[in-house]
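Visitor: Can you read through this structure? Questions will come right after.
Number of protein chains: 2
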Amino acid sequence: MNKPSRRSRGTTTIEDVARAAGVSAMTVSRVVNGGQNVRETTRHAVLEAVKKLNYSPNTAARSLAAGEATHIGMLYANPSAAYLSQFLIGALHAARRAGCHLVIESCESEDADEQAEVTRRFATSDVEGVVLPPPLSESQPIIAELAAIGIPVVTVAMGTPAEDSLNVRIDDFAAAAEMTRYLLSLGHRSIGFIKGHPNHIASHDRARGFAAALREYGVDPDEAPMEQGYFTYRSGLAASERLLSRPKPPTAIFASNDDMAAAAISVAHRRGLTVPGDLSVVGFDDTSLATTVWPELTTVRQPISAMAEAALELMLADLRGRRSGGSRHFAERVLEHELIVRESSSAPGAPWVGRSRRSRTAPVHTADVG
Amino acid sequence: MNKPSRRSRGTTTIEDVARAAGVSAMTVSRVVNGGQNVRETTRHAVLEAVKKLNYSPNTAARSLAAGEATHIGMLYANPSAAYLSQFLIGALHAARRAGCHLVIESCESEDADEQAEVTRRFATSDVEGVVLPPPLSESQPIIAELAAIGIPVVTVAMGTPAEDSLNVRIDDFAAAAEMTRYLLSLGHRSIGFIKGHPNHIASHDRARGFAAALREYGVDPDEAPMEQGYFTYRSGLAASERLLSRPKPPTAIFASNDDMAAAAISVAHRRGLTVPGDLSVVGFDDTSLATTVWPELTTVRQPISAMAEAALELMLADLRGRRSGGSRHFAERVLEHELIVRESSSAPGAPWVGRSRRSRTAPVHTADVG
DNA sequence: ACCCGCTCCGTTAGCGCTAACAAGGACGAA
DNA sequence: TTCGTCCTTGTTAGCGCTAACGGAGCGGGT
Numbered sequence: 002m003n004k005p006s007r008r009s010r011g012t013t014t015i016e017d018v019a020r021a022a023g024v025s026a027m028t029v030s031r032v033v034n035g036g037q038n039v040r041e042t043t044r045h046a047v048l049e050a051v052k053k054l055n056y057s058p059n060t061a062a063r064s065l066a067a068g069e070a071t072h073i074g075m076l077y078a079n080p081s082a083a084y085l086s087q088f089l090i091g092a093l094h095a096a097r098r099a100g101c102h103l104v105i106e107s108c109e110s111e112d113a114d115e116q117a118e119v120t121r122r123f124a125t126s127d128v129e130g131v132v133l134p135p136p137l138s139e140s141q142p143i144i145a146e147l148a149a150i151g152i153p154v155v156t157v158a159m160g161t162p163a164e165d166s167l168n169v170r171i172d173d174f175a176a177a178a179e180m181t182r183y184l185l186s187l188g189h190r191s192i193g194f195i196k197g198h199p200n201h202i203a204s205h206d207r208a209r210g211f212a213a214a215l216r217e218y219g220v221d222p223d224e225a226p227m228e229q230g231y232f233t234y235r236s237g238l239a240a241s242e243r244l245l246s247r248p249k250p251p252t253a254i255f256a257s258n259d260d261m262a263a264a265a266i267s268v269a270h271r272r273g274l275t276v277p278g279d280l281s282v283v284g285f286d287d288t289s290l291a292t293t294v295w296p297e298l299t300t301v302r303q304p305i306s307a308m309a310e311a312a313l314e315l316m317l318a319d320l321r322g323r324r325s326g327g328s329r330h331f332a333e334r335v336l337e338h339e340l341i342v343r344e345s346s347s348a349p350g351a352p353w354v355g356r357s358r359r360s361r362t363a364p365v366h367t368a369d370v371g
Numbered sequence: 002m003n004k005p006s007r008r009s010r011g012t013t014t015i016e017d018v019a020r021a022a023g024v025s026a027m028t029v030s031r032v033v034n035g036g037q038n039v040r041e042t043t044r045h046a047v048l049e050a051v052k053k054l055n056y057s058p059n060t061a062a063r064s065l066a067a068g069e070a071t072h073i074g075m076l077y078a079n080p081s082a083a084y085l086s087q088f089l090i091g092a093l094h095a096a097r098r099a100g101c102h103l104v105i106e107s108c109e110s111e112d113a114d115e116q117a118e119v120t121r122r123f124a125t126s127d128v129e130g131v132v133l134p135p136p137l138s139e140s141q142p143i144i145a146e147l148a149a150i151g152i153p154v155v156t157v158a159m160g161t162p163a164e165d166s167l168n169v170r171i172d173d174f175a176a177a178a179e180m181t182r183y184l185l186s187l188g189h190r191s192i193g194f195i196k197g198h199p200n201h202i203a204s205h206d207r208a209r210g211f212a213a214a215l216r217e218y219g220v221d222p223d224e225a226p227m228e229q230g231y232f233t234y235r236s237g238l239a240a241s242e243r244l245l246s247r248p249k250p251p252t253a254i255f256a257s258n259d260d261m262a263a264a265a266i267s268v269a270h271r272r273g274l275t276v277p278g279d280l281s282v283v284g285f286d287d288t289s290l291a292t293t294v295w296p297e298l299t300t301v302r303q304p305i306s307a308m309a310e311a312a313l314e315l316m317l318a319d320l321r322g323r324r325s326g327g328s329r330h331f332a333e334r335v336l337e338h339e340l341i342v343r344e345s346s347s348a349p350g351a352p353w354v355g356r357s358r359r360s361r362t363a364p365v366h367t368a369d370v371g
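Chains as they are written, first to last, in the numbering used here: chain A, 2 to 371; chain B, 2 to 371.
Structure follows, in structure tokens:
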């Protein structure tokens, strides 16, 4: 008579696999965890058994036994909803793979002391590391507080990070230059630029990329119409208004993010300008706003989900390194961006209808009001 | 000589608390988990010790020992980004409290077979229950597949759910009626309504609420200008265009969600109408779009995060119930909505400037173009 | 006195997995 | 041969927590 184990749910355990493969549980564990020092034939047998029994390790047991990181924190502050959801999706996927929990908290305050306070409460609660997406990745109070507590940090999309830090980003300079070159290649020579929030280093990188590309085409960047924006729709309205009120308005507007680009389109429409016929408008980020507005925005896509995944992986690697006693290895990962051409850009003065362009989908919906 | 335990991280365990309180670990466990059958004095002593040592239970160990649910799935399909991020935030908070993992997967296909296929792969992987936010909460193929597999489901924001299901929602009917009454009380009698996607039961509830409120004020709903929309910005453009092209255009537009309301504002502006001076526009959902556009939208706030938390709680309660053998208890939770009055609505014909209204903030930014 | 039932609390035995060590074999160097 | 070393695998001992059970103490019905 075998006393059935306390609570036997029908899940297959490592023991089942071990029995099926004719090895010990330890060997299975080794194989499953990227096993080193396992003979090839053994590995095969184990993998067969794993597949046959459809085994998937119990993450709770794993982290309990290994004493691994279980809670990774993430502190955010009103980024665009689109950015946040993308980021969360990526982070959750990475967390699932690693079998760790994602703990998130918002920190809306702009005040340094308050930020530090929130950070302290958060960091001393339970988390073993903190991921900082923008705009908090630029917040010195928070980073300093985390460093003081001794918790590792991964910043995301911070322009030029410190040497001794973990960072994930894209090359804002190159991306902005690429977009500018695209506009120039369409024939635009008077391109209005709406700058991003001056506190963000990425803003400056994008502006520099814009200027650099202009120079390549022999256009003097200092002559280019440029207005300050703050990444908000509102600031985009104001900046666009100023750009289009100039004596000689630009034929294209490059906004430092999609929100401001959407605002530029709105202003153009109110002034009776067609987009892109009378004015090309391009953005940056490829948030969902880019495909919500009409016409859909030409923009630069950041691989937001992938960046979140990379951030978590960096974090976990660092944590593992710390645990096994090794000294910290700092790292920066630069991911690829992508230029997305949609319907908001064309050659200057070109009629909009009848253009054919390598954009993803033609507008199939109704509603081509104008 | 005490052999130090295998890997002693500095965390305080239940044993530490037990020692400090002079009881056994089991008693601590009981107290921490809503303990029944613990004398009041004992409970106090334990709680003291917990506080003093700043103890927080190890969720990995807990779920391992209790054999509890560890992975709750969530299947989503392109809701608005704002909705998704809000929802994820709420879900993550609940997951953290419960110590379970949130596993998310997208299911973009509209094809029934493909949806079923994705669902099957997802559900048989690892998750013990699935939460379905809109629009998937209306997808019969998915719900049927999940039922066939025998996995519990919580649907969110589904209009009128089946009797034998778990559901979280707001009262769309009441909310729409409330909003309509608000417009009527401002003096509007010709209110254009943009309906939501006909596949969503909530759309019908909102339309019914609209009609009911009109009747209360003696306005014939059948005479009210009404256009079909599909919850997208594009469809909102078309519907608004049609509404405002009528011989006798309405003085207010009530769109069934914020995206379509934002589109209505855009159309109004292009036609040279001021909002809310010439046309009041109100939305539904209070997504971030509502405060992104100018003027900011009067809308109905759904407690999205709270709904996600409620959904997870319902799910976990059901899972616990199943585990302890009890028969399933079906449940529906209706959360409170809230009418948010901002700047896009006013009495018909009222000049915009100088209105003073119980809205949250006056527009302090620049950019009052238009 | 006896039994029964109730409340409160401790003991035992794991949950599924892996760190640490040990053991056995293969192979080359001395 | 003999020792050491590397490679491969198994064994042991938990990680921190809780289900299940058992036992002590108390009160009341018979």
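By construction, the Cβ of each residue, glycine as well, lies at the ideal position given by its N, Cα and C atoms.
This one's a predicted model, so the numbers in the text were calculated from it and none came from an experiment.
Using the rule of at least 16 other Cβ atoms within 10 Å of the residue's Cβ for burial, across every protein chain shown, is residue 258/B buried or exposed?
Guide: Translated into the one-based positions of the second sequence, residue 258/B becomes position 257. Its Cβ being crowded by 16 or more others within 10 Å, residue 258/B is buried.
Visitor: Can you find a C-beta in chain B that's less than 8 Å from the C-beta of residue 294/A?
Guide: Within the first sequence, residue 294/A is the residue found at index 293, counting from 1. Look at residue 294/A: its C-beta is under 8 Å from a C-beta on chain B.
Visitor: Just to make sure I have the definition right: I need the residues of chain B whose C-beta is within less than 7 Å of the C-beta of residue 127/A. Which are they?
Guide: For the purposes of this step, residue 127/A is identified with residue 126 of the first sequence, where counting begins at 1. Chain B residues near residue 127/A: 57.
Visitor: From the beta carbon of residue 320/A, is the nearest beta carbon of chain B less than 8 Å away?
Guide: Within the first sequence, residue 320/A is the residue found at index 319, counting from 1. By this cut-off, residue 320/A is not an interface position.
Visitor: Give the straight-line distance between the Cα atoms of residue 195/B and residue 76/B, rounded to the nearest whole angstrom.
Guide: Mapped onto the second sequence, residue 195/B falls at position 194. Mapped onto the second sequence, residue 76/B falls at position 75. About 28 Å.
Visitor: For the alpha helix (DSSP H) that contains residue 52/A, what are its first and last residues?
Guide: In the first sequence, the residue the question calls residue 52/A occupies position 51. Unbroken alpha helix (DSSP H) run through residue 52/A: 41–54.
Visitor: Whether or not the stretch 286–294 of chain A and the stretch 260–277 of chain A are in contact is what I'm after, with contact meaning three or more pairs of Cβ atoms, one per stretch, closer than 8 Å; do they touch?
Guide: yes
Visitor: In whole angstroms, what separates the C-alpha of residue 319/A from that of residue 102/B?
Guide: In the first sequence, the residue the question calls residue 319/A occupies position 318. In the second sequence, the residue the question calls residue 102/B occupies position 101. So the two alpha carbons sit approximately 22 Å from each other.
Visitor: What does residue 204/B reach in chain A if we use C-beta pairs closer than 8 Å?
Guide: Position 203 of the second sequence, counted from the start, is the residue given in the question as residue 204/B. Near residue 204/B there are no residues of chain A at all, since even the closest Cβ is about 18 Å away, more than 8 Å.
Visitor: Kindly identify the DSSP beta-bridge partner or partners of residue 168/A.
Guide: Taking the first residue of the first sequence as 1, we reach residue 168/A at position 167. Per DSSP, 156/A and 333/A.
Visitor: Output, in chain order, the set of chain B residues within a Cβ distance shorter than 9 Å of residue 223/A.
Guide: What you label residue 223/A is simply residue 222 of the first sequence in a count that begins at 1. Result: empty, since nearest Cβ-Cβ is about 25 Å, beyond 9 Å.
Visitor: Quick check on this structure: which residue in 228/A, 29/A, 184/A and 339/A has the alpha carbon closest to the alpha carbon of residue 220/A?
Guide: As a position in the first sequence, residue 220/A is number 219, starting the count at 1. Closest option to residue 220/A, Cα to Cα, is 184/A.
Visitor: Would you mind sorting residue 197/A into buried or exposed? The rule is 16 or more other CB atoms within 10 Å of its CB.
Guide: Translated into the one-based positions of the first sequence, residue 197/A becomes position 196. Buried: at least 16 other Cβ atoms inside 10 Å.
Visitor: Quick check: is any heavy atom of the ligand MG less than 7 Å from the C-beta of residue 100/B?
Guide: This structure lacks the ligand MG, and indeed carries no ligand of any kind.
Visitor: Are residue 336/A and residue 309/A close, meaning C-beta to C-beta below 8 Å?
Guide: To locate residue 336/A, count along the first sequence from 1; it is residue 335. To locate residue 309/A, count along the first sequence from 1; it is residue 308. Result no, Cβ atoms of residue 336/A and residue 309/A do not sit closer than 8 Å.
Visitor: Listing by chain order, which chain A residues have their CB less than 8 Å from the CB of residue 104/B?
Guide: Looking up residue 104/B in the second sequence gives position 103. Neighbours of residue 104/B on chain A, chain order: 93 and 97.
Visitor: Please state whether the Cβ-Cβ distance between residue 31/A and residue 18/A is less than 8 Å.
Guide: For the purposes of this step, residue 31/A is taken as residue 30 along the first sequence, with counting starting at 1. For the purposes of this step, residue 18/A is taken as residue 17 along the first sequence, with counting starting at 1. Contact flag unset, no.
Visitor: Which residue's Cα is closest to the Cα of residue 51/A: 348/A, 42/A, 133/A and 29/A?
Guide: Within the first sequence, numbered from 1, the residue matching residue 51/A stands at position 50. Among 348/A, 42/A, 133/A and 29/A, the Cα nearest to that of residue 51/A belongs to 29/A.
Visitor: Starting from residue 67/B, trace the alpha helix (DSSP H) both ways and give me its first and last residue.
Guide: By 1-based counting over the second sequence, the position of residue 67/B is 66. Start and end: 60–67.
Visitor: State whether the stretch 80–94 of chain A contacts the stretch 86–104 of chain B, with contact taken as three or more CB pairs (one from each stretch) at a distance under 8 Å.
Guide: yes
Visitor: In chain order, which continuous runs of the beta strand (DSSP E) of length 3 or greater are located wholly inside the stretch 92–166 of chain B?
Guide: Counting only runs of at least 3 residues, the stretch 92–166 of chain B fully encloses the following beta strand (DSSP E) elements, listed from N- to C-terminal order: 102–107, 130–133 and 154–157.
Visitor: Can you tell me whether residue 281/A is helix, strand or coil according to DSSP?
Guide: Taking the first residue of the first sequence as position 1, residue 281/A is located at position 280. In this structure, residue 281/A counts as strand in the three-state DSSP scheme.
Visitor: Name the two residues that bound the continuous beta strand (DSSP E) containing residue 300/A.
Guide: Along the first sequence, one-based indexing puts residue 300/A at 299. Per DSSP, residue 300/A belongs to the beta strand (DSSP E) from 300–302.
Visitor: For residue 260/A, which residues in chain B fall below 8 Å Cβ to Cβ?
Guide: Locating residue 260/A in the first sequence gives position 259, counting from the first residue. The contacting residues are 293.
Visitor: Within the 8 Å Cβ cut-off, does residue 65/B reach chain A?
Guide: Within the second sequence, the letter at position 64 stands for residue 65/B. Yes, because at least one Cβ of chain A sits closer than 8 Å to the Cβ of residue 65/B.
Visitor: Below 8 Å, can you find three or more Cβ-Cβ pairs linking the stretch 169–189 of chain B to the stretch 275–283 of chain B?
Guide: yes
Visitor: For residue 213/B, return the contacting residues in chain A, with the cut-off set at a CB-CB distance below 7 Å.
Guide: Here residue 213/B refers to the residue found at position 212 of the second sequence. By Cβ distance, chain A contributes nothing, its closest Cβ being about 29 Å from residue 213/B, past 7 Å.
Visitor: For residue 90/A, go through chain B and note every residue whose CB falls closer than 7 Å to its CB, in chain order.
Guide: Counting from 1 along the first sequence, the entry for residue 90/A is found at position 89. Under the 7 Å cutoff, chain B gives 105.
Visitor: At which residues does the alpha helix (DSSP H) containing residue 232/A begin and terminate?
Guide: Here residue 232/A refers to the residue found at position 231 of the first sequence. Per DSSP, residue 232/A belongs to no alpha helix (DSSP H) and is neither H nor E.
Visitor: Can you tell me which of 25/A, 286/A, 275/A and 312/A puts its alpha carbon nearest to the alpha carbon of residue 47/A?
Guide: On the first sequence, position 46 is the one that residue 47/A refers to. Closest option to residue 47/A, Cα to Cα, is 25/A.
Visitor: By how many angstroms is the C-alpha of residue 298/B removed from the C-alpha of residue 223/B?
Guide: By 1-based counting over the second sequence, the position of residue 223/B is 222. By 1-based counting over the second sequence, the position of residue 298/B is 297. Looking at the two C-alpha atoms, the distance is approximately 26 Å.
Visitor: Do residue 268/B and residue 241/B count as a contact pair if the criterion is CB distance below 8 Å?
Guide: Within the second sequence, residue 241/B is the residue found at index 240, counting from 1. Within the second sequence, residue 268/B is the residue found at index 267, counting from 1. Residue 268/B is positioned such that its CB atom lies closer than 8 Å to that of residue 241/B.
Visitor: When the Cα of residue 159/A is compared with those of 133/A, 340/A and 180/A, which residue comes out closest?
Guide: Position 158 of the first sequence, counted from the start, is the residue given in the question as residue 159/A. Of the listed residues, the one whose Cα sits closest to residue 159/A is 133/A.
Visitor: Assess, as a yes-or-no matter, whether the stretch 173–182 of chain B is touched by the stretch 124–143 of chain B under the definition of 3 or more beta carbon pairs within less than 8 Å.
Guide: no
Visitor: Tell me the rounded alpha-carbon separation between residue 366/B and residue 115/B.
Guide: Within the second sequence, numbered from 1, the residue matching residue 366/B stands at position 365. Within the second sequence, numbered from 1, the residue matching residue 115/B stands at position 114. Residue placement at residue 366/B is poorly supported in this model, since its pLDDT is 28, which falls under 50; the coordinates are not used for a value here.
Visitor: Output yes if chain B places a C-beta closer than 8 Å to the C-beta of residue 1/A; else output no.
Guide: Any property of residue 1/A remains undetermined from this structure, which presents chain A solely from 2 to 371.
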